[in-house]
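Report on the structure given below.
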Amino acid sequence: MIHKQRHQLQRLFSIFIALAIIAAAVLPAAAQTRRRTRRATPRLGTYSRQARTAVAPRSYSVNTDQTIRVRMNDQLSSQTARIGQRFTTRVVEPVYASGGVEVIPAGSTITGRVTNVQRAERRSKAGTMTVQFVSLQTPNGRSYPINGSLTDVSGETVEYDNEGQVKGRSSTKRNAIFIGGGAGTGALIGAIAGGGKGAGIGAAVGAGLGVAGAFFSRGQEAVVKPGTEFGVILNRAVYLPQYR
4 MIHKQRHQLQ
14 RLFSIFIALA
24 IIAAAVLPAA
34 AQTRRRTRRA
44 TPRLGTYSRQ
54 ARTAVAPRSY
64 SVNTDQTIRV
74 RMNDQLSSQT
84 ARIGQRFTTR
94 VVEPVYASGG
104 VEVIPAGSTI
114 TGRVTNVQRA
124 ERRSKAGTMT
134 VQFVSLQTPN
144 GRSYPINGSL
154 TDVSGETVEY
164 DNEGQVKGRS
174 STKRNAIFIG
184 GGAGTGALIG
194 AIAGGGKGAG
204 IGAAVGAGLG
214 VAGAFFSRGQ
224 EAVVKPGTEF
234 GVILNRAVYL
244 PQYR
């Protein structure tokens, strides 16, 4: 009996030794594999740190009073236009920031909206439209908000009183409006002379128009046709990346 029990104990001891040997061989290899897996899997914080260190594209300033030459895409008329109506223009000439960096390429789109409309009522009152420019989209699809006003780009700025007579040169750059009566284009670009109530219309003759066209402007609707060129003057600086 004692011999049989001793034999069983020897068998159990042999099994225990065998299991210990197997464990000693397997466990270190498993631990090493786990350490390799941990090293190969980057932590979430690593990506966050890399994202935070990414360099943002440099912005360049296009200053207040910069004039952007544009060409009308749509037709706009004081007879049918509504307040809030949007229209688009296409940039004719590229705009460069300081250092000669191109930020607004030709072909960019500037969107405007109608802020006020007056239809022609009598022979002595031409139709007018006030507009504002609100956004810029470059050909690569990126859009930027802007604050721009209508201005003339012909350099032939003249002012008219309420009788339609030439008073002299005007230096008005902002708060310009489209005024009915321009030969060929159907609209002049101008402003209220003196800015007071009941004052006459101060108009800048649009590109390609003669001064004589203004004498026949009263009582006509302001019609801005596709292809008409004029200027957008920035009321606030805008910061843009280099166009690529």
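All the letters of the sequence shown, read from the start, carry residue numbers 4 to 247 under the numbering used here.
C-beta atoms are modelled at their ideal positions from N, C-alpha and C, and glycine is treated no differently.
* Three-pair Cβ contact test at 8 Å for the segment 116-123 versus the segment 76-90 -> yes
* Within 10 angstroms of its Cβ, does V58 collect 16 or more other Cβ (buried), or is it exposed? -> The count along the sequence shown starts at 1 and reaches residue 58 at position 55. That one is exposed.
* Asked: Using the rule of at least 16 other Cβ atoms within 10 Å of the residue's Cβ for burial, across every protein chain shown, is I18 buried or exposed?
  -> For this step, residue 18 is matched to residue 15 along the sequence shown. I18 should be labelled exposed.
* Asked: Who are P148's beta bridge partners in DSSP?
  -> Your numbering for residue 148 matches position 145 in the sequence shown. Beta-bridge partners assigned by DSSP to P148: S138.
* Helix, strand or coil for I86, going by three-state DSSP, please let me know. => As a position in the sequence shown, residue 86 is number 83, starting the count at 1. Here I86 sits in coil by DSSP.
* In its own chain, which residues sit with a C-beta less than 7 Å from the C-beta of V104, not counting the 5 before and 5 after it? -> Numbered from 1 along the sequence shown, position 101 holds the residue referred to as residue 104. For V104, where only same-chain residues beyond five positions count, the Cβ hits under 7 Å are Y63, Q245.
* Does E96 come within less than 7 Å of chain C when only Cβ atoms are used? -> Absent from the structure: chain C. Only one protein chain is present.
* Name the two residues that bound the continuous beta strand (DSSP E) containing P229. => As a first step, residue 229 must be located in the sequence shown, where it is residue number 226. No beta strand (DSSP E) holds P229; DSSP gives it neither H nor E.
* To do: Rank R247, L243, I236, G230 by C-alpha distance to the C-alpha of D77 and give the top, closest one.
  => Along the sequence shown, one-based indexing puts residue 77 at 74. Nearest of R247, L243, I236, G230 to D77, Cα basis: G230.
* Asked: Per DSSP, what kind of secondary structure is S64 in: helix, strand or coil?
  -> Locating residue 64 in the sequence shown gives position 61, where the first residue counts as 1. Strand at S64.
* Asked: Can you pull the DSSP bridge partners for I113?
  -> Along the sequence shown, one-based indexing puts residue 113 at 110. Bridge partners of I113: T92, L139.
* Please classify S17: does DSSP put it in a helix, a strand, or coil? => Looking up residue 17 in the sequence shown gives position 14. Of the three classes helix, strand and coil, the one that applies to S17 here is helix, per DSSP.
* Asked: Is the Cβ-Cβ distance between I192 and F233 less than 7 Å?
  -> By 1-based counting over the sequence shown, the position of residue 192 is 189. By 1-based counting over the sequence shown, the position of residue 233 is 230. Yes, Cβ-Cβ distance for I192 and F233 is below 7 Å.
* Asked: Does DSSP put G167 in a helix, a strand or coil?
  -> Along the sequence shown, read from residue 1 onward, the residue named residue 167 stands at position 164. In this predicted model, G167 has a pLDDT of only 39, less than 50, meaning its place in the structure is not dependable; the value taken from the coordinates is given anyway. Note: G167 maps to coil in three-state DSSP.
* State the Cα-Cα distance for the pair A100 and V226, rounded to the nearest angstrom. => By one-based count along the sequence shown, residue 100 stands at place 97. By one-based count along the sequence shown, residue 226 stands at place 223. Looking at the two C-alpha atoms, the distance is approximately 33 Å.
* To do: Check the C-beta distance from T92 over to R74 and give it rounded, since I have them as a contact under 8 Å.
  => Reading the sequence shown from its first residue, position 89 is the one you call residue 92. Reading the sequence shown from its first residue, position 71 is the one you call residue 74. Contact holds; Cβ gap of about 6 Å.
* Asked: Nearest CA to the CA of K128: which residue from L139, S138, S81, V156?
  -> Along the sequence shown, one-based indexing puts residue 128 at 125. Nearest C-alpha to K128: S81.
* Asked: According to DSSP, is Y99 helix, strand or coil?
  -> As a working note, residue 99 is residue 96 in the sequence shown. Y99 falls in the strand class under three-state DSSP.
* G183 lies in the beta strand (DSSP E); which residues open and close that run? -> On the sequence shown, residue 183 is found 180 positions in, with the first residue counted as 1. Taken as a continuous stretch (DSSP letters only), the beta strand (DSSP E) holding G183 covers 180-183.
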